[in-house]
Structure formats: structure tokens, C-alpha cells
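Trainee:
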Amino acid sequence: MEHFGSFHSSCTAMLVGKKATIDGSTIIARDEDGESGINQKTFKVFPARDYDEEFISEYSGVRIPLHGHGCRFTATPNAQENEIKGRWDEQGINEYNVAMSATETEGTNARCLGHDPLVKNGIDEDSMLYLVLPFIKTAREGVARLGKLIEQYGTGECNGIAFADQDEVWYFETGAGHQWAAQRIPDDCYAICPNIMVIEKIDFNDPDNFMFASSLKSFVEKNHLNPDPTTFNYRNIFGTQSEADSYYNTPRTWYGQKLFNPSIEQDPTSQNMPFLRRPEKKIAIEDVEAFLSSHYNGTPYDPMGTFASGTKEEQCKFRSISLDRNQSSCILQIRNHVPKKFAAIQWINFGFYCYSPYVPFYTNISDTPANYQKAGAEVDTNSAYWMYKTLAVVVEPRYHKFINEVNEYRDGCQSFGLQRIDQIDQQAAELEEDDELNNFLTKANLQTAAEVTKRTHALLSSLIKQSLLDSKYQFELGDNL
1 MEHFGSFHSS
11 CTAMLVGKKA
21 TIDGSTIIAR
31 DEDGESGINQ
41 KTFKVFPARD
51 YDEEFISEYS
61 GVRIPLHGHG
71 CRFTATPNAQ
81 ENEIKGRWDE
91 QGINEYNVAM
101 SATETEGTNA
111 RCLGHDPLVK
121 NGIDEDSMLY
131 LVLPFIKTAR
141 EGVARLGKLI
151 EQYGTGECNG
161 IAFADQDEVW
171 YFETGAGHQW
181 AAQRIPDDCY
191 AICPNIMVIE
201 KIDFNDPDNF
211 MFASSLKSFV
221 EKNHLNPDPT
231 TFNYRNIFGT
241 QSEADSYYNT
251 PRTWYGQKLF
261 NPSIEQDPTS
271 QNMPFLRRPE
281 KKIAIEDVEA
291 FLSSHYNGTP
301 YDPMGTFASG
311 TKEEQCKFRS
321 ISLDRNQSSC
331 ILQIRNHVPK
341 KFAAIQWINF
351 GFYCYSPYVP
361 FYTNISDTPA
371 NYQKAGAEVD
381 TNSAYWMYKT
391 LAVVVEPRYH
401 KFINEVNEYR
411 DGCQSFGLQR
421 IDQIDQQAAE
431 LEEDDELNNF
441 LTKANLQTAA
451 EVTKRTHALL
461 SSLIKQSLLD
471 SKYQFELGDN
481 L
């Protein structure tokens, strides 16, 4: 399989600093989409261990020696039965409460790639999390480690990668085969990242807020890549700014900023929308969920055509976030108002995001729910992935008939999830032994998943029964009279 340009080519990410959230958490979140409508995902935890191996990527072929102690981490890897080779761990949190999301597929212009081409056997999306997350204790360390690896081995893709700990949120972009830059998200800001370069002006004299490849500045100067020498705008130097970006990418930024800064008027096709915004009100988990499961709701561009009177042309004009290629969406929340030992929560949504719920999982655990660990080649509703994918198949043909019931189910699951967090926090605070806490949180996750699974099966049963009674192929005696 050709790996230049990631298979996961349509993700959407959001990052939020701790002073911009309603409870002081840091948040990084991303929808993992795939070009195919089927890309089986799982949720797993990998224990701490000592590494003494040569990692070989099944996807790109890159070979990297790994040595030393690696900590425990969670991830949402591809199922073993998946046709796409490689790990694809994607999103997780380690035992030091460092979150990492890899990756947001982006694009670099031909001019920059001409001077530093992508590397055929480089570090790509499939392996980034495995090579970095077990070996870092802060978000800043994550940026530094990944940057060093990219400079040494190169990359075959242009990507955006998010890191967070309890204090800092960082966004990292690969601009060419060996070039990269990262910016810290200000504590009172958020960022929306579609499939385009987003980092703007880089201050090379501000190490607290910017990190970059050692060759970045000289590479741009030597090859005359900067169209505006008065500043160093990473997006303008490395980005594509294509016509396609204005219809596939920038409208997602527009919609996110419309949600969180409704007083600002912008053109959905504008390529000058800022990377960073200060929200007009504090952002909650539910707000991030609403954005990541949105489809231009309430605008003429909604392909579902629910409330706005958009024309057929308007409804299919822009690429929405929720669409058939949705696979797995994670919100990685590191809280600051509870003890560190249970501060990290990974909210997971499999399937078609606007139909399925986000389920909160603590990450100081030793195991994950059984139905989240399997996703075979055949449809099986005992698998969480296939359960939620089946829900989408049932809802979509009768969207307007079923969506109110679906939304009630999603709201109910969200309220239940928040209640679970309150209950689990209260009990966890009374546990002093590390092993005891780990066992408790592991079992608590199983109970949370079991209840949401039960509710999902009940919803599926209800919708399928309604569908069976709603067939247009009905004929009763006397109907032709």
C-alpha cells in the first residue's frame, strides 16, 4: 500500500487550554476517520515494561531501536483483523497523565516538498504513539522526542499531533520530510484543526511557547520558501492554500469558531481564519462533543437538512465532520481539580459520532471492557465498534424519524457518564494503595461500559422494531379495492 499521505485522511481535532475550559481541565480531542467506511477499532491498555527491541513498522517499514523503561499507556489501535497493516494506536494517555493524539492528516505544498521530500520508510501515523507516549512524562517532552525522531528518521506524511498534560497543551506539525514546528496553546485559548496546516507566526526567541526542527529556519532561508520575509508564518510557508482546502477543510474551522465565538462573522471558505481563539464562554466536555459530532447543524450546509432551509447544493457544498467514514473519536481530558492518580479520562465514541455516545474511561487501569477489545472482520454487535456501526446503519435511512430518540439516548448516556465520574471520584479519593485504586478504576470502567452497552442494545431493538413495522412493502386484504 502506498503510504505517502495517511490513510486516515479526514480527521478533525480540537485543543483547549486549562483556563478556557469550564473546570480547568486540559483537553485534546480528535475524530479518527478513514477513507473506507470500515476500519475496525479497539480500546486497549498496554502495561509498563522494559524495552529492548528493534521496532519495525508493518506499514512504512521504518526500523527504530527502543531501549529503557516504558510506562503504561492506553490506546485505540486497529483490530488485528484490520486490513491496514501496523499498530495505529492513535490516541491515549500514559501513567504520568500525558495525553497524545496522532495524527491529524495535513498537506504541504509542492515547493517545500521539492526541497525536503517525504521519506518512504519514515515515521508515520501508524507508529508515532507507540514510539513516543510510553517514554515521556510531560507534553513538552513528547514534542521534543517526536521532533528528534522526525529529524533523524524523517516522515512519509504531513501530520498534526497533539500533546497535553495537566498544565500545557501543544500542537505539533510536520511540514516536510524532516521539518516540524510546535506551538503551545495559550491557557485561555482553543484551536480547531482540520486537514490543513494551522500554526501561524513562529517566534524563534520564545522557547516557552514554540519548539521546532533545528534546521527549520535555515531550511526556509536557504531554499527561499518564505513569501513574506517580514515574518515567519509556518502556515503560509508550508501550507497548501488550495481551492479544495476552502471546501474540504476551512468550513470545519469556521463552524467550530462559530460555536465558540458566535459574535464573529467569517466566510466558511476563508483561509485566513486564526489558529487560536479565546472562547466567548468556558468550554465543557459537552461542547467539544457537540463540535466533534457536528454536521453544520443549524446552517444551510447541514447535509441532514434538519432545521435550516439549505438548498440541495448548499447541503453538499462542504465536507462535514460527521460522515460515513467516522471510526473512533476520543476526548483526552486531564483534570486539575482532583488528585493526579485519577485525573485522566479518555472519552471514547466509536461509530458515526452524531448517533453514538462518548463514554468516559479512567486511564489508570490494567484492562479494558471485553467488547471494546474486539472488532473482527465480520459484523458482531457484541463488539463495541460493530455495535455502534450497526446503529448508524439503522438510523441513517430514517434519520428524521429516529433522531429525537437517538438524541435522548445520547443525552441520557452523557448524564449517566457524568454521574459515574462523580461516584467514581468520590470512592477513588478514599483509596490509598496504588494497586487497589487501579483495580477499582478498572472495574468501574467495566461497569460504565456495560450500562452504556445495555442502553445501546435497547435503542437498537427499538429502532429495528419500528423499521420492521414501517416497511413500504405492506399489503392488506382489500388494499386494492
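The opening position of the sequence shown corresponds to residue 1 in our numbering, with each subsequent residue numbered one higher. By construction, the Cβ of each residue, glycine as well, lies at the ideal position given by its N, Cα and C atoms.
#1: In whole angstroms, what separates the C-alpha of C354 from that of H224?
#2: How many angstroms separate the CA atom of F4 from the CA atom of D33?
#3: For L216, count neighbouring Cβ atoms within 10 angstroms of its own Cβ and tell me buried if that reaches 16, exposed if not.
#4: For E476, which residues in the same chain have their Cβ closer than 8 Å to its Cβ, ignoring the five residues on either side in sequence?
#5: For the ligand NAP, is there any heavy atom lying closer than 7 Å to the beta carbon of E53?
#6: Mapping the DSSP letters down to three states, classify D287 as helix, strand or coil.
#7: How would you label A392, buried or exposed, when you count the other beta carbons within 10 angstroms and need 16 or more for buried?
#8: How many angstroms separate the CA atom of F7 from the CA atom of M128?
#9: If we count the other Cβ atoms within 10 Å of its Cβ and call it buried at 16 or more, is Y473 buried or exposed?
#10: Is F4 helix, strand or coil by DSSP?
#11: Using a Cβ-Cβ cutoff of less than 6 Å, which residues in the same chain neighbour W347 once the five nearest sequence positions on both sides are dropped?
#12: Go through its chain and collect everything with a Cβ distance to Y255's Cβ below 7 Å, but skip five positions before and after it.
#13: Quick check on the DSSP output: the alpha helix (DSSP H) that includes V393 runs from which residue to which?
#14: At what residue ranges does the region 178-257 contain a whole run of the beta strand (DSSP E), taking only runs of 3 or more?
#15: How many angstroms separate the CA atom of R209 from the CA atom of V169?
#16: Which same chain residues, not among the five before or five after L468, have their C-beta less than 8 Å away from its C-beta?
#17: In angstroms with no decimal places, state the Cα-to-Cα distance between E35 and S10.
#18: Do you know offhand how far I38's Cα is from V379's?
#19: Looking at C-alpha atoms only, which residue of V220, G175 and I123 is the closest neighbour of V198?
#20: Using the three-state DSSP reduction, which class does P134 fall into: helix, strand or coil?
#21: So E476 is in the alpha helix (DSSP H); what residue range does that whole segment cover?
#22: Unbroken beta strand (DSSP E) runs of length 3 or more, entirely within the region 58-82: which are they?
#23: Which whole-angstrom value is the C-beta distance of D165 and A139, which I expect to be below 8 Å?
#24: State yes or no: is the C-beta of T74 within less than 8 Å of the C-beta of V45?
#25: Less than 7 Å between C-beta atoms, sequence neighbours within five positions excluded: which residues of the same chain meet that for E286?
#26: For M100, list the residues DSSP reports as bridge partners.
#27: Do three or more CB pairs link the region 46-57 to the region 333-353 at distances below 8 Å?
#28: Can you tell which of D434, I424, A110 and T381 has its C-alpha closest to the C-alpha of L460?
#29: State the Cα-Cα distance for the pair R455 and Y409, rounded to the nearest angstrom.
#30: Considering only their Cβ atoms, is the gap separating Q271 from T42 smaller than 8 Å?
#31: Under 8 Å, do V98 and G142 count as touching if we go by C-beta distance?
#32: How would you write the range of the beta strand (DSSP E) that D411 sits in, first residue to last?
#33: In three-state terms, what does DSSP make of T299?
#34: Using alpha carbons as the reference points, say which of K465, H457, N364 and C71 lies closest to I424.
#35: Would you check if the distance between the CB atom of G86 and the CB atom of L133 is smaller than 8 Å?
#36: So, for M1: in the same chain, excluding its five sequence neighbours on each side, which residues have a beta-carbon less than 7 Å away from its beta-carbon?
Mentor: Looking at the coordinates:
#1: For the purposes of this step, residue 354 is identified with residue 354 of the sequence shown, where counting begins at 1. For the purposes of this step, residue 224 is identified with residue 224 of the sequence shown, where counting begins at 1. C-alpha separation (whole angstroms): 45 Å.
#2: Here residue 4 refers to the residue found at position 4 of the sequence shown. Here residue 33 refers to the residue found at position 33 of the sequence shown. With a pLDDT of 44 at F4, under the threshold of 50, the predicted position of this residue should be treated as unreliable, though the coordinate-derived value follows. Spanning the two alpha carbons is a distance of roughly 17 Å.
#3: For the purposes of this step, residue 216 is taken as the residue at position 216 of the sequence shown. Counting Cβ neighbours within 10 Å, L216 comes out buried, since at least 16 surround it.
#4: What you label residue 476 is simply residue 476 of the sequence shown in a count that begins at 1. Once the five neighbours on either side are set aside, E476 has no close Cβ partner at all.
#5: Ligands are entirely absent from the displayed structure, and the ligand NAP is therefore not among its contents.
#6: Translated into positions along the sequence shown, residue 287 becomes position 287. Here D287 sits in helix by DSSP.
#7: For the purposes of this step, residue 392 is taken as the residue at position 392 of the sequence shown. The residue in question, A392, is buried, as its Cβ has 16 or more Cβ neighbours within 10 Å.
#8: Counting from 1 along the sequence shown, the entry for residue 7 is found at position 7. Counting from 1 along the sequence shown, the entry for residue 128 is found at position 128. Residue placement at F7 is flagged as unreliable, the pLDDT there being 45, under the threshold of 50; the coordinate-derived value follows with that caveat. C-alpha separation (whole angstroms): 15 Å.
#9: Here residue 473 corresponds to residue number 473 of the sequence shown, with the count starting at 1. Result: exposed.
#10: For the purposes of this step, residue 4 is taken as the residue at position 4 of the sequence shown. Low confidence applies here, because F4 scores a pLDDT of 44, under 50, leaving its location unreliable; read the following figure in that light. Looking at F4 - three-state DSSP - the assignment turns out to be coil, as it is neither helix nor strand.
#11: Within the sequence shown, numbered from 1, the residue matching residue 347 stands at position 347. Answer for W347: I331, Y358 and P360, listed in chain order.
#12: Sequence index remark: in the sequence shown, residue 255 carries index 255 (1-based). Excluding residues within five positions, the ones whose Cβ falls inside 7 Å are S294 and Y296.
#13: Walking along the sequence shown from the start, residue 393 turns up at place 393. A384 to V395 is the span of the alpha helix (DSSP H), which, as asked, contains V393.
#14: 180-184, 190-193 and 210-212
#15: Indexing the sequence shown from 1 puts residue 209 at position 209. Indexing the sequence shown from 1 puts residue 169 at position 169. Sequence inspection shows Asn at residue 209; the Arg mentioned does not correspond to that position. Those two C-alpha atoms are separated by around 10 Å.
#16: Locating residue 468 in the sequence shown gives position 468, where the first residue counts as 1. Within the same chain, L468 has no close Cβ partners at all.
#17: Counting from one through the sequence shown, the residue named residue 35 turns up at place 35. Counting from one through the sequence shown, the residue named residue 10 turns up at place 10. Using only the alpha carbons, I get a separation of about 7 Å.
#18: By 1-based counting over the sequence shown, the position of residue 38 is 38. By 1-based counting over the sequence shown, the position of residue 379 is 379. The alpha-carbon atoms of I38 and V379 are separated by roughly 10 Å.
#19: Here residue 198 refers to the residue found at position 198 when the sequence shown is read from its first residue. Minimum Cα distance to V198 is reached at G175.
#20: Here residue 134 is taken as the residue at index 134 of the sequence shown, counted from 1. DSSP places P134 in helix when its eight states are reduced to three.
#21: The sequence position of residue 476 within the sequence shown is 476, counting from 1. Neither: E476 is in no alpha helix (DSSP H) and is coded neither H nor E.
#22: 63-70 and 73-75
#23: If you number the sequence shown from 1, residue 165 lands on position 165. If you number the sequence shown from 1, residue 139 lands on position 139. Yes, D165 and A139 are in contact; Cβ-Cβ is about 4 Å, under 8 Å.
#24: Locating residue 74 in the sequence shown gives position 74, counting from the first residue. Locating residue 45 in the sequence shown gives position 45, counting from the first residue. Contact: yes.
#25: Start at 1 with the first residue of the sequence shown, and residue 286 comes out as number 286. Around E286: Q414.
#26: Here residue 100 corresponds to residue number 100 of the sequence shown, with the count starting at 1. According to DSSP, which records beta bridges pairwise, M100 is partnered with G92 and F163.
#27: no
#28: Locating residue 460 in the sequence shown gives position 460, counting from the first residue. The residue with the shortest Cα to Cα distance from L460 is T381.
#29: Looking up residue 455 in the sequence shown gives position 455. Looking up residue 409 in the sequence shown gives position 409. Their Cα atoms are separated by approximately 8 Å.
#30: For this step, residue 42 is matched to residue 42 along the sequence shown. For this step, residue 271 is matched to residue 271 along the sequence shown. Contact flag unset, no.
#31: As a working note, residue 98 is residue 98 in the sequence shown. As a working note, residue 142 is residue 142 in the sequence shown. Their beta carbons are under 8 Å apart, which means V98 touches G142 by this criterion.
#32: If you number the sequence shown from 1, residue 411 lands on position 411. Careful: D411 lies outside any beta strand (DSSP E), inside the alpha helix (DSSP H) at Y399 to A428.
#33: For the purposes of this step, residue 299 is taken as the residue at position 299 of the sequence shown. Note: T299 maps to coil in three-state DSSP.
#34: The residue given as residue 424 occupies position 424 in the sequence shown. Looking at the Cα atoms, N364 is the closest of the given residues.
#35: For the purposes of this step, residue 86 is taken as the residue at position 86 of the sequence shown. For the purposes of this step, residue 133 is taken as the residue at position 133 of the sequence shown. No.
#36: Residue numbering aside, residue 1 sits at position 1 when the sequence shown is read from its first letter. Residue confidence is low: M1 scores 32 on pLDDT, short of 50, so the model does not pin down where it sits. No coordinate-derived value is stated.
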